[in-house]
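Visitor: Protein sequence lines correspond, in order, to chains A and B.
The working numbering puts the first residue of the first sequence at 2, with every later residue one more than the last.
The working numbering puts the first residue of the second sequence at 679, with every later residue one more than the last.
C-beta atoms are modelled at their ideal positions from N, C-alpha and C, and glycine is treated no differently.
Fair warning: this is a prediction, and the values are worked out from it, not measured in the lab.
Dropping the structure in here first, questions after.
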Amino acid sequence: MEILLDVSDLEPCEPLERSLEAAGRLAEGDYLRVLHRREPRMLFPLLEQQGFAWEVRPKGPADYAIYIWRRDDRLAREFVHQALDADQAC
Amino acid sequence: MLNRAALSLEQAPPISVPLRFFLTAPLFLLGAGLLLLAYGPEALASRWSPVTLALTHLLTLGFLGMIMWGAMMQMLPVLAGSPVPAVLGASGVSHLLLGGGVVALVVGFLLGSPLALSLALGALAAGVGLFFLVVALALWRAPAANATITAMRYALLGLLLTALLGGLLLGRLIHPFGALDSLRLTNLHLAWGLLVWVGILVLGVAYQVVPMFQLTPEYPPWMKRLLSHLLFILVLLWSPLYLFGGNRLAALPIVLAGLVYTLFALTTLRLQGRRKRRLPDITLDFWRLGMGLLLLALPAWGLGLLYEGWLLLPGVVVLGFALSVVNGMLYKIVPFLSWFHLQHRKLSLLGGGGPRVPNMKDFIGGWTLDWQFYLHLAALAMLLLAVTGWRDGAYPAGFFLSLSALMLWYNLFKAVRRFYQVRSELEQAIPG
Chain A
2 MEILLDVSDL EPCEPLERSL EAAGRLAEGD YLRVLHRREP RMLFPLLEQQ GFAWEVRPKG
62 PADYAIYIWR RDDRLAREFV HQALDADQAC
Chain B
679 MLNRAALSLE QAPPISVPLR FFLTAPLFLL GAGLLLLAYG PEALASRWSP VTLALTHLLT
739 LGFLGMIMWG AMMQMLPVLA GSPVPAVLGA SGVSHLLLGG GVVALVVGFL LGSPLALSLA
799 LGALAAGVGL FFLVVALALW RAPAANATIT AMRYALLGLL LTALLGGLLL GRLIHPFGAL
859 DSLRLTNLHL AWGLLVWVGI LVLGVAYQVV PMFQLTPEYP PWMKRLLSHL LFILVLLWSP
919 LYLFGGNRLA ALPIVLAGLV YTLFALTTLR LQGRRKRRLP DITLDFWRLG MGLLLLALPA
979 WGLGLLYEGW LLLPGVVVLG FALSVVNGML YKIVPFLSWF HLQHRKLSLL GGGGPRVPNM
1039 KDFIGGWTLD WQFYLHLAAL AMLLLAVTGW RDGAYPAGFF LSLSALMLWY NLFKAVRRFY
1099 QVRSELEQAI PG
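Here's what the structure looks like:
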């Protein structure tokens, strides 16, 4: 299941903070889609450290979608890939 | 694009790397304020007065240089995905060489001591050489170049040329040699230092920090792609024309560079006007002041040429711009780094649990921030008056600059103290 989180209007460090919190609450089979105005490079090492995988989809110069799921959650990874395929088809 | 540009936490330098530069820098600003207080109008008497030379180098090498070196060492691994080699050793040694070199340079200028000037030459040459080497390696190893990396590459070349010209001038001061005109060499040193090293680095950093911290739209892509190339080429073109020619046409590339900076300042102000959250923000105030001064730089240069007594005006305007944006940036970078390093620490020690890491605003805030801005503003206003007629304005300028430097140091120190407090709380929360 997709959990949507829009952090594009928040000041640093809130986008990172909220993304980490939301990722920490992911149940099995869930993934997080974060909407951000920038590519949050500082988030990635923190996600990696916590055992999450992620994929970034730039939508425009100030519009990014970041898909985050637990690295060992195969079901969530499957859902992410389906969402990315659907996204690409649009 | 799976896990692209992942920065491993082992690559990120420890927070002590930038902090040692950031906490030392205000001491040089304080030195500049005290120098103005002690010498008054003599510190702004002419471009060649030893006190003026000491003052400008305290501000440029001591304050701006320290912060720019620390910020580059911190930002490179994040922006470029390319760590600075041997960052702990390189930052420690280059920090000492830069700090010691500036002190020796200032003492050398003030006392007219060839020994101190020779020491300064040695320390600064070694410091710049080391910094250049490690940062150049990181920059040119970067897997992908964005507009900020490109700007940093040009800025670094600008630093090297500024230092080579400065070293040549200093060498000639210790032991006169060569036939080249010192005035022209000094102007080249100034142009490479201010228009390339400081200016292009501010451009590159602004592309990141303005949209990120001030919640503005992005700079136009064409601008990010073109501006730093254009500025570097203009100064490169101007240098031989000015050094060996000297006719009026030679000034054209510099006027064009001034127009490019005017465009950058106007764009930044326009973006700030369109920011998403319209809350009061001290960094924004510093940046708006800086951009306002940058808009005045070109007219100030013209006025400095027209009125002999106003020769130092463009220098004060351009330095005012650089001091303002760098000061403002510190108030975002220091709390953000503190938050980031603590968050990392918490995740590695306690996973998702344990005490909450304070928000960025809890590290730096309160009335001392606003007051430091007003003191900075007052210092700049007095300096502008001191170089346009009211010569005794140098005394209040020194007074306000000293207070502003002390308050800046205090604000940064408070953030660092909070960082170590929270880190110790996290360590105490480890179960068992």
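Pull up the CB-CB distance for Leu-1090/B and Pro-691/B, whole angstroms please, since I reckon it's below 8 Å.
Guide: Contact doesn't hold; Cβ gap of about 18 Å is too wide.
Visitor: Can you find the residues in the same chain that come closer than 7 Å, C-beta to C-beta, to Val-785/B, ignoring five residues on each side of it along the sequence?
Guide: Once the five neighbours on either side are set aside, the close Cβ partners of Val-785/B are Ser-791 and Ala-794.
Visitor: Okay, do the stretch 893 to 913 of chain B and the stretch 841 to 853 of chain B touch, 3+ Cβ pairs below 8 Å being the bar?
Guide: Segments in contact, no.
Visitor: The beta strand (DSSP E) with Leu-36/A in it runs from where to where?
Guide: Element bounds for Leu-36/A: 32 to 37.
Visitor: Could you give the uninterrupted runs of the alpha helix (DSSP H) lying entirely in the stretch 1017 to 1069 of chain B, keeping only those of 4 residues or more?
Guide: The qualifying runs are 1045 to 1064.
Visitor: In chain order, what residues of the same chain lie with their CB nearer than 7 Å to the CB of Trp-979/B, ignoring the 5 residues before and after it?
Guide: Here the set comprises Gly-936 and Pro-992.
Visitor: For chain A, is any of its Cβ atoms less than 8 Å away from the one on Gln-1106/B?
Guide: Judged by the 8 Å Cβ criterion, Gln-1106/B is not in contact with chain A.
Visitor: Compute the distance between the beta-carbons of Gly-52/A and Arg-34/A, then report whether it is under 8 Å.
Guide: Contact: no.
Visitor: Confirm, please, whether the CB-CB distance from Pro-696/B to Leu-1015/B is below 8 Å.
Guide: Result yes, Cβ atoms of Leu-1015/B and Pro-696/B sit closer than 8 Å.
Visitor: Measuring only the C-alpha atoms, how far is Tyr-68/A from Leu-1025/B?
Guide: Between Tyr-68/A and Leu-1025/B, the C-alpha separation is close to 20 Å.
Visitor: Could you check where the beta strand (DSSP E) with Arg-71/A kicks off and where it finishes?
Guide: Residues 64 to 71.
Visitor: Since Arg-58/A sits in a beta bridge, which residues does DSSP pair it with?
Guide: DSSP lists Ala-66/A as partners of Arg-58/A.
Visitor: Please report how far the alpha carbon of Arg-65/A lies from the alpha carbon of Gly-882/B, in whole angstroms.
Guide: The question names Arg, yet the displayed sequence has Tyr at residue 65/A. Using only the alpha carbons, I get a separation of about 21 Å.
Visitor: Is Leu-997/B closer than 8 Å to Leu-835/B when the C-beta atoms are compared?
Guide: No, these two residues do not count as a Cβ contact at 8 Å.
Visitor: How about the stretch 1017 to 1024 of chain B and the stretch 42 to 50 of chain A: do they share at least three Cβ pairs that are nearer than 8 Å?
Guide: Contact holds: three or more Cβ-Cβ distances are below 8 Å.
Visitor: Kindly list, in the order they appear in chain A, the residues whose Cβ is closer than 8 Å to that of Ala-690/B.
Guide: Going along chain A in sequence order, the residues near Ala-690/B (Cβ under 8 Å) are Pro-46.
Visitor: Expressed to the nearest angstrom, what Euclidean distance is found between the alpha-carbon atoms of Ala-23/A and Val-933/B?
Guide: So the two alpha carbons sit approximately 52 Å from each other.
Visitor: Pick from Ala-768/B, Trp-818/B, Thr-730/B and Gly-805/B: whose alpha carbon is nearest that of Leu-788/B?
Guide: Selected option, being the one with the closest Cα: Thr-730/B.
Visitor: Just to check my reading of the structure: Leu-863/B and Leu-851/B have Cβ atoms closer than 8 Å, yes? What is that Cβ distance to the nearest angstrom?
Guide: Not confirmed; about 11 Å, so no contact.
Visitor: Counting only beta-carbon atoms, is Lys-954/B nearer than 8 Å to chain A?
Guide: Closer than 8 Å: yes.
Visitor: Which first and last residues belong to the alpha helix (DSSP H) in which Glu-15/A is found?
Guide: Per DSSP, Glu-15/A belongs to the alpha helix (DSSP H) from 15 to 25.
Visitor: Contact between the stretch 711 to 729 of chain B and the stretch 968 to 979 of chain B: three or more CB pairs below 8 Å?
Guide: Cβ pair count under 8 Å is below three, so no.
Visitor: Between the stretch 1014 to 1032 of chain B and chain A, which residues of the former have a C-beta closer than 7 Å to a C-beta of the latter?
Guide: Going along the stretch 1014 to 1032 of chain B in chain order, one finds Phe-1014, Trp-1017, Phe-1018, Gln-1021, His-1022, Leu-1025, Ser-1026 and Gly-1030 with a Cβ nearer than 7 Å to chain A.
Visitor: So what's Ile-666/B in DSSP terms, helix, strand or just coil?
Guide: There is no way to answer for residue 666/B, as the model of chain B reaches only from 679 to 1110.
Visitor: At least one CB of chain B closer than 8 Å to the CB of Glu-118/A: is that the case?
Guide: Chain A is shown from 2 up to 91; residue 118/A falls before or after that span and cannot be answered.
Visitor: Mind pulling the chain A residues with CB within less than 9 Å of Asn-1037/B?
Guide: Ordered by position in chain A, the residues that pass the 9 Å Cβ test against Asn-1037/B are Cys-14, Glu-15 and Glu-18.
Visitor: Any C-beta of chain B within less than 7 Å: which residues of the stretch 63 to 79 of chain A qualify?
Guide: Under the 7 Å Cβ criterion, the stretch 63 to 79 of chain A contributes Ala-63.
Visitor: Can you tell me which of the three DSSP states Ile-1011/B falls into?
Guide: In the structure shown, Ile-1011/B sits in a helix (DSSP, three-state: H, G or I).
Visitor: Beta-carbon within less than 8 Å of Ser-15/A's beta-carbon, same chain only, minus the 5 sequence neighbours each way: which residues are those?
Guide: Checking the displayed sequence, the identity of residue 15/A turns out to be Glu instead of Ser. Once the five neighbours on either side are set aside, the close Cβ partners of Glu-15/A are Val-8.
Visitor: For a contact defined as C-beta to C-beta under 8 Å, what are the partners of Arg-34/A on chain B?
Guide: Correct list: empty, because the minimum Cβ distance to chain B is about 15 Å.
Visitor: Go ahead and label Asp-10/A buried or exposed: buried means 16 or more other beta carbons lie within 10 angstroms of its beta carbon, across all protein chains shown.
Guide: Burial call: exposed.
Visitor: Could you check whether the Cβ of Phe-891/B sits closer than 8 Å to any Cβ belonging to chain A?
Guide: It does; some Cβ of chain A falls within 8 Å.
Visitor: Could you list the residues in the stretch 872 to 902 of chain B with a C-beta less than 8 Å from some C-beta on chain A, going in chain order?
Guide: Here the close residues are Pro-889, Met-890, Phe-891, Leu-893, Pro-895, Glu-896 and Pro-899.
Visitor: Tell me where the beta strand (DSSP E) around Leu-6/A begins and ends.
Guide: Residues 3 to 7.
Visitor: Taking the alpha-carbon positions, what's the Val-876/B to Asn-1005/B distance?
Guide: Straight-line Cα distance between these residues: approximately 14 Å.
Visitor: Using 8 Å for Cβ pairs, my map puts Arg-58/A next to Asp-31/A. What's the rounded Cβ distance?
Guide: Actually they are not in contact, since the Cβ atoms of Arg-58/A and Asp-31/A sit about 18 Å apart, beyond 8 Å.
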